[in-house]
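Engineer: Residue numbers (my numbering): 58 to 166.
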């Protein structure tokens, strides 16, 4: 963001970015190429693009349901540089294990 959000900001905004490739191309080019494609998508998401998305959303605000945005073939990855998940501690001690899961509901996680 330009200007950057203040360090005291406690809120969240999620924007969905997509990178698409045919299965055959993924098989031919491999994981490294897929990672590069994702990197290019995220790196190309500029401040102007983020603000434009918000402006369009403000013209017709709504609450999205995941089932409207994804299908059973969608792969979802997420992260946050501001909230490192391996450092979270909620008074019960550090996590012993971190795992991945599968979203099975078309309307939520």
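Each residue gets a CB set at the ideal place from its N, CA and C atoms; glycine is no exception.
#1: If contact is defined by three or more beta carbon pairs under 8 Å, each pair taking one atom from either stretch, is the stretch 85-100 in contact with the stretch 60-71?
#2: Would you kindly work out how many angstroms separate the C-alpha atoms of residue 93 and residue 122, rounded to a whole number?
#3: Rounded to a whole number of angstroms, what is the C-alpha to C-alpha distance between residue 132 and residue 152?
#4: Pull up the distance between the alpha-carbon of residue 118 and that of residue 91, whole angstroms please.
#5: State the Cα-Cα distance for the pair residue 87 and residue 77, rounded to the nearest angstrom.
#6: Quick one: Cα of residue 82 to Cα of residue 134, how far?
#7: Note down, in chain order, each residue of its chain lying with its Cβ closer than 8 Å to the Cβ of residue 58, except the 5 sequence neighbours on either side.
#8: Using three-state DSSP, classify residue 121 as helix, strand or coil.
#9: Output needed for residue 74: all residues of its chain with C-beta closer than 8 Å, excluding positions within five of it in sequence on either side, in chain order.
#10: By Cβ distance, which residues of its chain are closer than 6 Å to residue 129, with the 5 residues on each side in sequence left out?
#11: CB-CB under 7 Å to residue 60, same chain, minus the five flanking residues each way: which ones, in chain order?
Structural biologist: Put simply:
#1: no
#2: On the chain shown, residue 93 is found 36 positions in, with the first residue counted as 1. On the chain shown, residue 122 is found 65 positions in, with the first residue counted as 1. Looking at the two C-alpha atoms, the distance is approximately 28 Å.
#3: By 1-based counting over the chain shown, the position of residue 132 is 75. By 1-based counting over the chain shown, the position of residue 152 is 95. Cα to Cα, the separation comes out at about 25 Å.
#4: For the purposes of this step, residue 118 is identified with residue 61 of the chain shown, where counting begins at 1. For the purposes of this step, residue 91 is identified with residue 34 of the chain shown, where counting begins at 1. Taking the straight line joining both Cα atoms gives about 33 Å.
#5: Working through the chain shown from its first residue, we reach residue 87 at position 30. Working through the chain shown from its first residue, we reach residue 77 at position 20. Residue 87 and residue 77: Cα-Cα distance of roughly 14 Å.
#6: Residue numbering aside, residue 82 sits at position 25 when the chain shown is read from its first letter. Residue numbering aside, residue 134 sits at position 77 when the chain shown is read from its first letter. Cα-Cα distance, rounded: 20 Å.
#7: One-based indexing of the chain shown puts residue 58 at position 1. Excluding positions up to five away in sequence, the list reads 104 and 107.
#8: Counting from 1 along the chain shown, the entry for residue 121 is found at position 64. It is coil, neither helix nor strand.
#9: Along the chain shown, one-based indexing puts residue 74 at 17. Only 98, 99 and 102 meet the Cβ criterion.
#10: Stepping through the chain shown from its first residue, residue 129 is reached at position 72. Excluding sequence neighbours, residue 129 sits near nothing in its chain.
#11: Within the chain shown, the letter at position 3 stands for residue 60. Taken in chain order, the list of residues that qualify is empty.
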